[in-house]
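Numbering (the numbering used here), first residue to last: -5 to 312.
Working notes for the structure below.
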């Protein structure tokens, strides 16, 4: 087959596959290994990895090596066909999944996949783990099948990654969009005991990860509701506000309701009529935006509360 014809034939695949084609897909269309070699030498194709090529006219993508490794896992099948399979033959997982989701700071020196049946490879840059993944633990990101952020975080814990790194990943994930905290706790349950918690207590392990991530809401809430000092209230409320607004926007909508309850209880303990009164104005809707809640609180009372705190500090100094 002439090179021009071969390149046109390959375009039927590369146009719908990120500009990539496997040697097996090429061979199925009558494009020989010799054709691929000549097209590579002429600069019309770029060899990405063993058995996977990119049309030189297609731009290189951020996760090109990962895409190539995924294609190489089932080289004869086109991507669209594999994406419709159930269960999927290879799902990106572990550090590779974290990198694809954009969470954490993992090196991801190899491409990791979860497969429903045992699979081996001699490639040092590819790793397979065997597990039949429930459909709820698989999603599509950038056209690739990948474990959900919840499953990814649980897999990282299972792989015995440093908890501080996992905490970073959890914080990043919480900052993207809502996390299913119930599902994450469920996935962490089998890993709780070996991480120093009661057997099956995935919630405790999740709370530990939240603390590592700097999202220790329960600890702040407890401290806030046990103090009547305006000075302490100011400091702790500001800390909670920062945690909610900057670090934990949507891990669970119910956290906004919890925040409202905590603020109401704490305000009632402060013996200042105007401050206690604001407790009745806090919205009880669990879906309320935390920023609006805090704005409502601070607009009417923050100046007075801060003044009371300063007054207390001045009296203490005397």
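Ideal Cβ positions, reconstructed from N, Cα and C, are used throughout, including at glycine.
Since we're looking at a predicted model, the values are computed, not measured.
Backbone secondary structure at residue i - three-state DSSP
i: residue 184; result: helix
i: residue 0; result: helix
i: residue 115; result: coil
i: residue 105; result: strand
i: residue 95; result: helix
i: residue 142; result: coil
i: residue 164; result: helix
i: residue 147; result: helix
i: residue 6; result: helix
i: residue 159; result: helix
i: residue 177; result: helix
i: residue 169; result: helix
i: residue -5; result: coil
i: residue 22; result: helix
i: residue 273; result: Low local confidence applies: a pLDDT of 44 at residue 273 is under 50, so the model's placement there is unreliable, with the coordinate-based value given in what follows. Three-state DSSP puts residue 273 in a helix.
Beta bridge counterpart(s) of residue i as assigned by DSSP
i: residue 15; result: 47
i: residue 124; result: 109
i: residue 42; result: DSSP lists no partner for residue 42.
i: residue 86; result: 107 and 140
Under 9 Å between C-beta atoms of residue i and residue j
i: residue 133; j: residue 139; result: yes
i: residue 131; j: residue 142; result: yes
i: residue 107; j: residue 121; result: yes
i: residue 203; j: residue 157; result: yes
i: residue 63; j: residue 13; result: no
i: residue 60; j: residue 10; result: no
i: residue 180; j: residue 196; result: yes
i: residue 19; j: residue 100; result: no
i: residue 87; j: residue 123; result: yes
i: residue 199; j: residue 183; result: yes
i: residue 16; j: residue 69; result: yes
i: residue 22; j: residue 39; result: no
i: residue 93; j: residue 83; result: no
i: residue 98; j: residue 159; result: yes
i: residue -5; j: residue 26; result: yes
i: residue 168; j: residue 209; result: yes
i: residue 150; j: residue 85; result: no
i: residue 58; j: residue 48; result: yes
i: residue 29; j: residue 0; result: yes
Residue i: first and last residue of the uninterrupted alpha helix (DSSP H) it sits in
i: residue 34; result: 27 to 35
i: residue 134; result: That residue, residue 134, is in no alpha helix (DSSP H); its beta strand (DSSP E) goes 132 to 135.
i: residue 202; result: 196 to 206
i: residue 63; result: 58 to 67
i: residue 76; result: 73 to 77
Supposed contact pair residue j and residue i - C-beta distance, whole angstroms, cut 8 Å
i: residue 313; j: residue 66; result: The chain is shown only over -5 to 312; residue 313 falls outside these bounds and no answer can be derived.
i: residue 361; j: residue 207; result: In the structure as shown, the chain begins at -5 and stops at 312. Residue 361 is therefore absent and cannot be evaluated.
i: residue 3; j: residue 37; result: 18 Å between Cβ atoms; not a contact.
i: residue 144; j: residue 177; result: 5 Å
i: residue 110; j: residue 7; result: That belief does not hold up - the Cβ atoms of residue 110 and residue 7 are roughly 25 Å apart, past 8 Å.
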